[in-house]
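Take a look at the structure set out below.
Residue numbers (this note's numbering): 582 to 726.
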């Protein structure tokens, strides 16, 4: 599936563009010409200059920021020691964590006041999949693998 914003070719199952983070519309017309030239080409990485897995902040302060998930446990909150700092009163000081496990990354709510949501569902713990929308307070983030 091609991104209508930047033209990047994404996996058919992707919900968001791996290059620019735009929501993908599977019903959008594909009016891009197909190149049938030289087949000895190199594949371009999904997010040039960006490390995956990562989250992209979609709304709220810092919108558009790409944050790679480098540690086995990344904490999210408005306290200064949070590895992903979301500075707003709608976010608890220790709101949630993203934990790396053998089968993928999990989002865990840390008894936050306003809850943690994945794809509009409140969760206590959920396995993250490519393109999932995470909501923490007024912030929306996209998880990318």
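Don't be surprised by glycine CBs; every beta carbon is placed ideally from N, CA and C.
For residue 697, the closest of 666, 711, 672 and 649 by C-alpha to C-alpha distance is 672.
The beta-carbon separation of residue 650 and residue 718, rounded to 19 Å, does not stay under the 8 Å limit for a contact. As the crow flies, the alpha-carbon of residue 648 is around 5 Å from that of residue 635. Between residue 674 and residue 660, the CB-CB gap stays under 8 Å. In this chain, residue 642 is not harboured by any beta strand (DSSP E), its DSSP state being neither H nor E. Here residue 707 is not near residue 724, since their CB atoms are 8 Å or more apart. In the DSSP assignment, residue 721 falls within the unbroken beta strand (DSSP E) covering 720 to 725. A straight-line Cα-Cα distance of about 5 Å links residue 691 and residue 676. In the DSSP assignment, residue 697 falls within the unbroken beta strand (DSSP E) covering 697 to 699. Exposure of residue 654 is indicated by the presence of fewer than 16 other C-beta atoms within 10 angstroms of its C-beta. Residue pairing by DSSP places residue 686 opposite 681 in a beta bridge. Counted as a single uninterrupted DSSP element, the beta strand (DSSP E) harbouring residue 715 occupies residues 714 to 717.
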